[in-house]
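Chains as they are written, first to last, in our numbering: chain A, 295 to 836; chain B, 295 to 836. For reference, the structure is listed below as structure tokens.
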């Protein structure tokens, strides 16, 4: 019988000693639970992904010292498998170590290096060449790292040939919608091909635009899911494996949509704020649904005392907007300051009277208002040390329906990857959790979206309804389908062409956007690397 | 005798038909000159780098059609070698085609795919497996693409074995300081190893943060540089090769530093403006050296009629600053509008009186002023369709001595990769070109740098002198040296630690910065992918 502890922890990128501290504490809990080995996630020593930190030789040295330090500190306890950056004469490796009795007794080098989507591992690492099987408590355990499990081949074929009974797979696998199901499928495939137990250990936590959702699990050689750790929180799951049998504690079911999206947003926001040393966030409450939702998310994540809001009405704001903003703040019990922007706006108009003489008012005046609000929020950030949250959604970032340095201003944009229609879905779900009718007033959900930057403005003056817009964005951005293909599924070719052009032309804005949390298979940011200067203009007609 | 035309062109990313048009015109010039073949740069069909456009199947289809189209349109002329994206059952390839008599007669797939620095080629392409030698005018020519030439091995070893007399190497090789010398060295090494003529053809032009500087050349089998095309402009160089002999027109010498840097900045700025469809730029002239230099650069690049400036004095601006800004505009004959920001600033202070009650003025008030200026510049951009140029230098971006949404606001930041000390060097060089004492008044060069956001402020209140700061930035950012190593070369460890912390902590600002022109071996941006959330804090003491 082997007793394996799945150490689903939340390391911080770059915090080498902090991560050693964390693993030392968890290893001691695992030892107390009688585990033979505790398994930590991919690159748990450095945090994941360390990106170009790995290109600094001193950082790699310090990571190797940290691993030695972990080995020494845990010498009397159970064995440890953890992730670190190894260096050989072939280069740097994304590696797993087996640590036992204070020594590093085995090193495995990841064979498959992902270099797509958000991953750049071929930039910093070289491929490993061989499997690595170790003996523990009378059983053979194979080591593997993340992507190694995503396709047949090495090192799993070698473990199959050796009839290795248990393969450990340590991960830094980021969340997107539906990802837990994909992971379960690949774990099943590898279990069935290899005839081995698959012990899958994932990181949890937020790192810049990524959320690692946990969901560690144990899959039996027959492909059945036997045990799983929690999602979206740290967890130590102890599993006994003997032959075809296994025993572990039960955990609650993994959340379904849209709850899992909400949990991902909470984790991503909370870790970004905490790991960057902030104690408070500030955001503009417009009376619209996006800012109301971000306020709720922030309060659920950080607590009401760590969230403050500004309402910044202008001559174009309706009375209802200010009332609705005030009602949200009231229900959330957060501090709300009102700073009217009309006087400031008037003085700008005055200052520009001469150079703008003889021109027609338009977008310039609309954007000035949005940027006054951005400036005020940043002034609060500077004065009180609060991080500004930008409250724009994916639909707006996609088509550029947002003002650079205005409503796009902020240190973090939590719902940047959430399409508007999904914002409504999340609001309905969150309101259903209460208390009462929930934190977001019905009137906010019911009214037509408006930027309120000119009289009687509605989003639908400039954009198709979001029910029509969002599927086009999904098809073009996430699925890389051509305008022609999109129109062929029934949309008006002119509309598709217009939306696609808006998306292409907004690339320069997105390049200057705050980071936000990836929740779809393709988010804006490192996940989608489009040139700004791009003269490709495909048309939608066949 | 083979007559080869080196077609050093400036394609635009995504402009498939425009690039075909361009190559068709140049192929006809080459045909008139009696060339056997004209050689165009890497991925000339799509423009380089196409980044994730290549992940759209329809884009790859359209690029293949464009290549067919080029073949048909040039059927009666000389042969063509050009770069395109090929698709095989193994995946997508960064490829070179030989086009002859209206047909694609050979396809070569790049073997070495760079995946470091600014390059992500393993993200989108798969490696080629073999060399590709073609016969033309009685001689054998080997094909290769860019990175293939940067180290020994395939495909050059195969050409050496075959005794291929001429190897074509088509490139999308971006500029950085000293790069031309590096290229010459690798071309010599390959020539000597292979015993072949190396015909090196590079792109010219700007694409987002990259400048392709041209500098195409012909190196003889004995390693001597025989001919070179121009740098920083399009050029068609016709070379006759027979045995060990070659003939071509002379070109002027390549420019040395700092002129080459200035040429790179001109090309990068000019192409960014032109390829994104702008006809005018606008910038804030503070009276300081950075904005004065950017104004001169913009006028040299785009002409005085396409550049306008704003001077935006505040209560902390000296009379000299406004005079100096006015003098620069006068010398450059550009339109200068003055919009004083003090009234706007006062109304902001008034609006914030209540929420800021009981707090001390500080950074918040400084940044409000910078952001008022950003807002005004963006209003000009919105009203007149001019692109805003941000005028910050690399030293400021490195240590975060710049205001997000304030002086960092803009569509493009031309000197973002130019350290402050190099700005002065470039100013001295540019002034020496005249007319008279040059466009930048001596007083601007002589005065101590100041942000003028509070009374009597100097950059040296917050930062070490730039002569001391810039080498630390270079060592840490470009060379990836550790604080300890930097301090070991003689700098004060406390100072090094402070600078390194400033650099690390400004990552969140840089993530939202406008793109700018890479001129050093490591620029901020895609070249240096550091996590924002990063708790690695190495100290400088041994």
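Here a beta-carbon is modelled for each residue, glycine too, at the ideal position from N, C-alpha and C. Computed from a predicted structure; not experimentally measured.
- Within the same chain, 469, 470, 471, 505, 555, 558, 559, 711 and 712 come within 8 Å of residue 813/B by CB-CB distance, once the 5 residues on both sides are set aside.
- Look at residue 308/A: its C-beta is under 8 Å from a C-beta on chain B.
- The bridge partners DSSP lists for residue 681/A are 575/A.
- Against chain A, the beta carbon of residue 580/B has no neighbour under 9 Å; the closest one sits roughly 17 Å away.
- With a beta-carbon spacing of about 10 Å, residue 374/A and residue 399/A fall beyond the 8 Å limit used to define contacts.
- For residue 496/B, the number of other beta carbons within 10 angstroms of its own is at least 16, and it is reported as buried.
- Comparing alpha carbon positions, the residue from 639/A, 735/A and 533/A closest to residue 329/A is 533/A.
- Within chain A, no C-beta atom comes nearer than 7 Å to that of residue 315/B; the closest sits roughly 12 Å away.
- Taking a C-beta distance under 8 Å as the contact criterion, residue 435/A and residue 462/A qualify as a contact pair.
- Residues 407 and 409 of the same chain have their beta carbon placed closer than 7 Å to that of residue 416/B, with the five preceding and five following residues left out of the count.
- Annotation: the continuous beta strand (DSSP E) that includes residue 388/B extends over 385–394.
- Short of 7 Å from the beta carbon of residue 332/B, and not among the five residues preceding or following it, lie these beta carbons of its own chain, in chain order: 299, 301, 320, 321, 324, 372 and 374.
- In this structure, the beta-carbon distance from residue 628/B to residue 589/B falls below 8 Å.
- Taking a 10 Å sphere around the C-beta of residue 295/A, we find fewer than 16 other C-beta atoms and assign the residue as exposed.
- Counted as a single uninterrupted DSSP element, the alpha helix (DSSP H) harbouring residue 317/A occupies residues 310–326.
- Annotated as distal: residue 563/A and residue 604/A, with beta-carbon spacing of 8 Å or more.
- For the 8 Å CB-CB criterion, residue 584/A and residue 685/A form a contact.
- For residue 491/B, the uninterrupted beta strand (DSSP E) run begins and ends at 491–496, by DSSP.
- Note on residue 727/A: under 16 other CB atoms within 10 angstroms of its CB, so exposed under the neighbour-count rule.
- Judged by their CB atoms, residue 626/B and residue 695/B are not nearer to each other than the 8 Å cut-off.
- For the segment 674–695 of chain A, the beta-carbon criterion of a distance under 9 Å to any beta-carbon of chain B is satisfied by 674, 675, 676, 677 and 678.
- With fewer than 16 other beta carbons inside 10 angstroms of its own, residue 573/B counts as exposed.
- DSSP links residue 463/A through a beta bridge to 438/A and 494/A.
- Below the 8 Å Cβ cutoff, chain B contributes 827 and 829 as neighbours of residue 569/A, in chain order.
- If the five residues before and after residue 642/A are omitted, its C-beta is found closer than 6 Å to the C-beta atoms of 662, all from its own chain and listed in chain order.
- Neighbours of residue 662/B in chain A, taken as residues at a C-beta separation under 9 Å, are given in chain order as 669, 670, 672, 673 and 676.
- Here the segment 475–485 of chain B does not lie against the segment 813–831 of chain A, with fewer than 3 beta-carbon pairs under 8 Å apart.
- Excluding sequence positions up to five before and after residue 697/B, its CB lies within less than 6 Å of the CB of 661 and 664, all in the same chain and listed in chain order.
- In the three-state DSSP reduction, residue 400/A falls in the strand class (E or B).
- With respect to residue 765/A, residue 834/A sits apart: the two C-beta atoms are not nearer than 8 Å.
- For residue 681/B and residue 513/B, the gap between their C-alpha atoms comes out near 42 Å.
- Inclusion of residue 821/A and residue 412/A in the CB contact set at 8 Å is warranted, their separation being smaller than that value.
- For the C-beta of residue 350/B, the chain A residues within less than 7 Å are, from N- to C-terminus, 774 and 776.
- With 16 or more other Cβ atoms from the protein chains shown falling within 10 Å of its own Cβ, residue 428/B counts as buried.
- Assignment of residue 405/A by DSSP, reduced to helix, strand and coil, places it in the coil class.
- Beyond the five residues adjoining it in sequence on each side, residue 618/A comes within less than 7 Å, by CB distance, of 581, 735, 737 and 738 in the same chain, given in chain order.
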